[in-house]
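Q: As numbered in my numbering, the sequence shown has no gaps in its residue numbers, which increase by one up to the final residue, 564.
One structure coming up, written as structure tokens, with questions to follow.
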Amino acid sequence: MKEEQRSLLLRSSSQFPPPEGVKLSYGTSGFRADAGILQSTVYRVGILAALRALKTESVIGLMITASHNEVSDNGVKIADPNGGMLSQHWEPFADALANAQTPEHLLQLVDEFAESEGIALDGAKSVEILVGRDTRPSGSSLLEAAKLGIGSVIGAVALDMGILTTPQLHWIVRARNNGDKASEIDYFEQISSSFRLVLDGFDSKWEESNEVVDKLIVDGANGVGGQKLQVYKEVLELNGLVIEVRNTGLEGGVLNEGVGADFAQKEKVVPHGFGSQDFGSRCASLDGDADRLVYFTVLSESGNKIELVDGDKILSLFAVFIKEQLSILKNRDTKLGDDYPCCIGVVQTAYANGASTDFLKQQGLEVAFTPTGVKYLHEKAAHYDIGIYFEANGHGTILFSELFLSWLEATNNELSSVSKGSEQQKAALRLLAVSKLINQAVGDALSGMLLVEAILQHMGWSIHRWNELYHDLPSRQLKVKVVDRTAVVTANAETEVVKPPGIQEAINAETANYPKGRCFIRPSGTEDVIRVYAEASAQDEADRLAKSVANLVDKFLGVGSS
3 MKEEQRSLLL RSSSQFPPPE GVKLSYGTSG FRADAGILQS TVYRVGILAA LRALKTESVI
63 GLMITASHNE VSDNGVKIAD PNGGMLSQHW EPFADALANA QTPEHLLQLV DEFAESEGIA
123 LDGAKSVEIL VGRDTRPSGS SLLEAAKLGI GSVIGAVALD MGILTTPQLH WIVRARNNGD
183 KASEIDYFEQ ISSSFRLVLD GFDSKWEESN EVVDKLIVDG ANGVGGQKLQ VYKEVLELNG
243 LVIEVRNTGL EGGVLNEGVG ADFAQKEKVV PHGFGSQDFG SRCASLDGDA DRLVYFTVLS
303 ESGNKIELVD GDKILSLFAV FIKEQLSILK NRDTKLGDDY PCCIGVVQTA YANGASTDFL
363 KQQGLEVAFT PTGVKYLHEK AAHYDIGIYF EANGHGTILF SELFLSWLEA TNNELSSVSK
423 GSEQQKAALR LLAVSKLINQ AVGDALSGML LVEAILQHMG WSIHRWNELY HDLPSRQLKV
483 KVVDRTAVVT ANAETEVVKP PGIQEAINAE TANYPKGRCF IRPSGTEDVI RVYAEASAQD
543 EADRLAKSVA NLVDKFLGVG SS
């Protein structure tokens with residue numbers, strides 16, 4: 003490292019001393035904490051982003067957001083060149099940077115890591131880091147810290163992309179590195195035109211069904227997603243989707259307070275701004291940075307309870323539709339070209355409701371499980387020609403392999419020359435349109451919502467018909483405070499406990515008392531608690547199973563345990 007570089011890093015880092023007594027860890031959400039203690043962390047993630055851009059010789063993204071957290075929090079995370087999350091290989095270095103106590107230690111870490119990774123810090127290369135933020139009031143000052151961190155690495159340039167949804171920034175990074183048009187306007191043009199193309203491939207069955215089809219009412223969580231949707235809803239309405247957006251944050255209201263996908267999914271009550279007037283209507287909730295999506299209906303004209311249609315149901319809808327399109331394609335004249343042995347896979351975590359897993363397997367689909375966390379789901383989904391993943395909280399997407407898309411393009415070209423307008427060609431066009439509509443970089447509430455709406459039109463289904471695909475098993479989640487959460491070690495996608503010895507056998511014995519019982523425990527990623535998840539055929543059984551297993555955890559590992 004040149005002396006000029008060393009002086010620049012030392013001088014700028016001294017402006018951002020780390021908070022005392024705070025240790026931060028880079029996880030699936032990046033770094034996240036109270037905004038008041040994050041300036042040094044965001045500055046250092048700016049350095050991290052610059053180093054990542056130099057290493058990959060690509061455009062990198064840096065997003066300032068805390069998603070569904072309360073408005074006083076904030077966070078920061080990296081978008082890799084493919085639009086995905088930061089390589090897990092770099093996470094320990096991210097932790098070390100964030101927790102370095104002095105400018106000299108920070109400089110030493112950068113020097114050593116750059117040498118081990120073969121990153122040239124001589125300023126010979128010029129790289130760009132795209133920086134975005136959500137609507138949190140703390141975002142502006144944290145943005146300046148990120149820019150200073152990026153600028154402290156010679157050759158790195160920060161481009162302020164303004165206020166964006168998190169998925170928009172990931173999409174733009176991916177598009178830039180693919181050599182495609184890459185701006186917020188390009189994003190909306192692609193998803194709106196792809197939505198229209200999906201709809202053009204079939205006649206809406208809503209008109210011929212007996213279902214009452216209302217406009218879609220969207221809860222924007224008083225965040226960036228609601229604001230973006232409000233701006234572009236006229237474009238979507240020109241394509242046949244009538245939307246009413248509430249909780250945009252423009253008319254008052256607090257980000258994620260009594261609103262949003264996380265609130266709807268956990269509390270199962272109407273968000274602020276919704277009520278008896280919405281009884282029976284099709285409603286959707288985004289989260290604060292618009293990477294999660296759930297649907298719901300208001301249950302009665304007098305109450306505030308909702309019927310939740312969560313990420314598992316969204317996944318199931320997507321899987322049924324894609325399987326249908328592949329089946330149509332398989333009926334084409336194979337003389338036109340070789341059939342492609344498409345491998346479609348659905349990826350879930352242990353938190354997925356057992357009824358959803360059973361439904362997917364009954365459809366003949368392969369279901370795989372990973373540990374909790376989008377980075378694990380995304381990585382596994384990429385192993386398939388078409389990989390679909392969603393968490394129950396509404397975060398997920400669909401991935402299409404380049405090999406499959408190339409075959410699909412070739413098949414469409416062949417069909418257009420000999421059987422243009424056939425159902426087989428329409429199926430090929432639909433799947434190509436879906437691959438452009440869905441955000442393959444990361445879970446995206448806006449693009450996912452458009453795909454849901456297109457499929458519902460195709461199927462002629464109301465939200466009520468969709469929700470009848472299967473009925474969730476009753477479940478209960480609890481947490482138990484323990485002395486040391488690392489004492490619990492799990493395997494098989496967190497469904498079995500390897501350590502401490504004996505506890506898994508005790509859980510199995512307790513679960514065997516319930517005919518449809520399922521229960522697992524896993525350590526929290528951030529606090530010394532063990533999370534308990536239980537399912538059974540009735541709610542009181544799920545409650546009893548969860549409580550009895552929580553007692554087992556307390557016996558083996560609780561605060562009072564020796």
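All C-beta atoms, glycine included, are put in the ideal place defined by N, C-alpha and C.
Note that the coordinates shown come from a computational prediction; the quantities given were computed from them, not determined experimentally.
Is the beta carbon of residue 439 sitting closer than 8 Å to the one on residue 193?
A: Counting from 1 along the sequence shown, the entry for residue 439 is found at position 437. Counting from 1 along the sequence shown, the entry for residue 193 is found at position 191. Contact: yes.
Q: Determine the burial state of residue 380: buried for a count of at least 16 other Cβ atoms within 10 Å of its Cβ, exposed for fewer.
A: Locating residue 380 in the sequence shown gives position 378, counting from the first residue. So residue 380 counts as buried.
Q: Whose C-beta lies closer than 8 Å to the C-beta of residue 502 among residues of the same chain, with five residues either side of it excluded?
A: Start at 1 with the first residue of the sequence shown, and residue 502 comes out as number 500. Answer for residue 502: 489, 490, 558, 559, listed in chain order.
Q: With a threshold of 8 Å between beta carbons, is residue 256 in contact with chain C?
A: Chain labels in this structure do not include chain C; a single protein chain is all it has.
Q: Do you know how far the Cα of residue 241 is from the Cα of residue 198?
A: Numbered from its first residue, the sequence shown carries residue 198 at position 196. Numbered from its first residue, the sequence shown carries residue 241 at position 239. Residue 198 and residue 241: Cα-Cα distance of roughly 6 Å.
Q: Since residue 521 and residue 508 are thought to touch, with beta carbons under 8 Å apart, how far apart are those beta carbons, to the nearest angstrom?
A: For the purposes of this step, residue 521 is taken as residue 519 along the sequence shown, with counting starting at 1. For the purposes of this step, residue 508 is taken as residue 506 along the sequence shown, with counting starting at 1. Actually they do not touch by this definition, with Cβ atoms about 11 Å apart.
Q: Just list the alpha helix (DSSP H) runs in the region 318-379, keeping only unbroken ones of 4 residues or longer that don't cross its boundaries, in chain order.
A: 356-364
Q: Rounded to whole angstroms, what's the CA-CA distance from residue 244 to residue 177? Just pull it up for me.
A: Residue numbering aside, residue 244 sits at position 242 when the sequence shown is read from its first letter. Residue numbering aside, residue 177 sits at position 175 when the sequence shown is read from its first letter. In this structure, the straight-line span from the alpha carbon of residue 244 to that of residue 177 is close to 29 Å.
Q: Which whole-angstrom value describes the C-beta separation of residue 495 and residue 343, a residue pair presumed to lie in contact below a C-beta threshold of 8 Å?
A: The residue labelled residue 495 in the question sits at position 493 within the sequence shown. The residue labelled residue 343 in the question sits at position 341 within the sequence shown. In fact, because the Cβ distance is near 26 Å, the residues do not count as touching under 8 Å.
Q: Keeping to the same chain, check which residues put their C-beta closer than 6 Å to that of residue 34; ignore five residues upstream and five downstream.
A: Taking the sequence shown and counting its residues from 1, one reaches residue 34 at position 32. Once the five neighbours on either side are set aside, the close Cβ partners of residue 34 are 68, 77.
Q: Can residue 108 and residue 175 be called in contact, C-beta distance under 8 Å?
A: By 1-based counting over the sequence shown, the position of residue 108 is 106. By 1-based counting over the sequence shown, the position of residue 175 is 173. For the 8 Å CB-CB criterion, residue 108 and residue 175 do not form a contact.
Q: Please name the residue in 551, 315, 328 whose C-alpha comes closest to that of residue 471.
A: Walking along the sequence shown from the start, residue 471 turns up at place 469. Restricting attention to 551, 315, 328, the CA atom closest to the CA of residue 471 is found in 315.
Q: Do residue 62 and residue 55 have their C-beta atoms within less than 8 Å of each other?
A: Taking the first residue of the sequence shown as 1, we reach residue 62 at position 60. Taking the first residue of the sequence shown as 1, we reach residue 55 at position 53. For residue 62 and residue 55, yes; Cβs fall inside 8 Å.
Q: My parser needs the alpha helix (DSSP H) runs of 4 or more residues fully inside the region 241-307; what are they?
A: 263-269
Q: Taking the C-alpha atoms as reference points, what is the distance between residue 467 and residue 377?
A: On the sequence shown, position 465 is the one that residue 467 refers to. On the sequence shown, position 375 is the one that residue 377 refers to. If you take the alpha carbons of residue 467 and residue 377, they lie about 32 Å apart.
Q: When the Cβ atoms of the region 296-303 are set against those of the region 266-281, are three or more pairs found closer than 8 Å?
A: Three or more pairs of CB atoms, one per stretch, sit closer than 8 Å, so the region 296-303 contacts the region 266-281.
Q: For residue 14, which of 147, 421, 514, 103 has the nearest alpha-carbon?
A: For the purposes of this step, residue 14 is taken as residue 12 along the sequence shown, with counting starting at 1. Nearest of 147, 421, 514, 103 to residue 14, Cα basis: 147.
Q: What is the DSSP secondary structure of residue 623, counted as helix, strand or coil?
A: Residue 623 cannot be examined here, being either before or after the span of the chain that is shown, 3 to 564.
Q: Does residue 408 pass the burial test, meaning 16 or more other C-beta atoms within 10 Å, or should it be called exposed?
A: Position 406 of the sequence shown, counting from 1, holds the residue named residue 408. Flag for residue 408 reads exposed.
Q: In three-state terms, what does DSSP make of residue 477?
A: Here residue 477 is taken as the residue at index 475 of the sequence shown, counted from 1. DSSP places residue 477 in strand when its eight states are reduced to three.
Q: In the structure shown, what three-state DSSP assignment does residue 35 receive?
A: For the purposes of this step, residue 35 is taken as the residue at position 33 of the sequence shown. Strand at residue 35.
Q: Go to residue 79, then tell me how far its beta strand (DSSP E) extends in each direction, as first and last residue.
A: Sequence index remark: in the sequence shown, residue 79 carries index 77 (1-based). Per DSSP, residue 79 belongs to the beta strand (DSSP E) from 75-81.
Q: What would DSSP say about residue 28, mapped onto helix, strand or coil?
A: Position 26 of the sequence shown, counted from the start, is the residue given in the question as residue 28. It is coil, neither helix nor strand.
Q: If you drop the 5 nearest sequence neighbours on each side, which residues of the same chain put their C-beta closer than 8 Å to that of residue 414?
A: For this step, residue 414 is matched to residue 412 along the sequence shown. For residue 414, where only same-chain residues beyond five positions count, the Cβ hits under 8 Å are 427, 430, 431, 434.
Q: Give every residue of the same chain whose Cβ lies closer than 7 Å to the Cβ of residue 74, excluding the five residues on either side of it in the sequence, and list them in chain order.
A: To locate residue 74, count along the sequence shown from 1; it is residue 72. The residues are 36, 37.
Q: Can you tell me which of 276, 159, 187 puts its alpha carbon nearest to the alpha carbon of residue 171?
A: What you label residue 171 is simply residue 169 of the sequence shown in a count that begins at 1. The option with the nearest alpha carbon to residue 171 is 187.
Q: Measure the C-alpha to C-alpha separation of residue 237 and residue 85 and round it to an integer number of angstroms.
A: In the sequence shown, residue 237 corresponds to position 235, counting from 1. In the sequence shown, residue 85 corresponds to position 83, counting from 1. Here the C-alpha atom of residue 237 lies approximately 25 Å from the C-alpha atom of residue 85.
Q: Please determine, among 59, 52, 469, the residue with the shortest C-alpha to C-alpha distance to residue 317.
A: Numbered from 1 along the sequence shown, position 315 holds the residue referred to as residue 317. Minimum Cα distance to residue 317 is reached at 469.
Q: So, using beta-carbon positions, are residue 394 and residue 476 closer together than 8 Å?
A: As a position in the sequence shown, residue 394 is number 392, starting the count at 1. As a position in the sequence shown, residue 476 is number 474, starting the count at 1. In this structure, residue 476 does not lie closer than 8 Å to residue 394 by Cβ.
Q: Return the residue from the list 286, 345, 270 that minimises the CA-CA distance to residue 308.
A: As a working mapping, residue 308 is identified with position 306 in the sequence shown. Nearest option by C-alpha distance: 270.
Q: Check for me: the beta strand (DSSP E) holding residue 535 runs from which residue to which?
A: In the sequence shown, residue 535 corresponds to position 533, counting from 1. Looking at the DSSP string, the run of the beta strand (DSSP E) that includes residue 535 is 531-537.
Q: Does the region 45-55 come close enough to the region 119-132 that 3 or more CB-CB pairs lie under 8 Å?
A: When C-beta atoms of the region 119-132 are compared with those of the region 45-55, three or more pairs fall below 8 Å, so the two segments count as touching.
Q: Please state whether DSSP places residue 62 in a helix, a strand or coil.
A: Here residue 62 is taken as the residue at index 60 of the sequence shown, counted from 1. Reduced to three states, the DSSP call for residue 62 is strand.
Q: Go to residue 220, then tell me how far its beta strand (DSSP E) extends in each direction, as first and last residue.
A: Position 218 of the sequence shown, counting from 1, holds the residue named residue 220. Residue 220 -> beta strand (DSSP E) spans 218-221.
Q: Which term fits residue 252, buried or exposed, when burial requires 16 or more other beta carbons within 10 angstroms of its beta carbon?
A: Here residue 252 is taken as the residue at index 250 of the sequence shown, counted from 1. Burial call: exposed.
Q: Cα separation between residue 529 and residue 484?
A: Residue 529 sits at position 527 when you count from the first residue of the sequence shown. Residue 484 sits at position 482 when you count from the first residue of the sequence shown. For residue 529 and residue 484, the distance between alpha carbons rounds to 9 Å.
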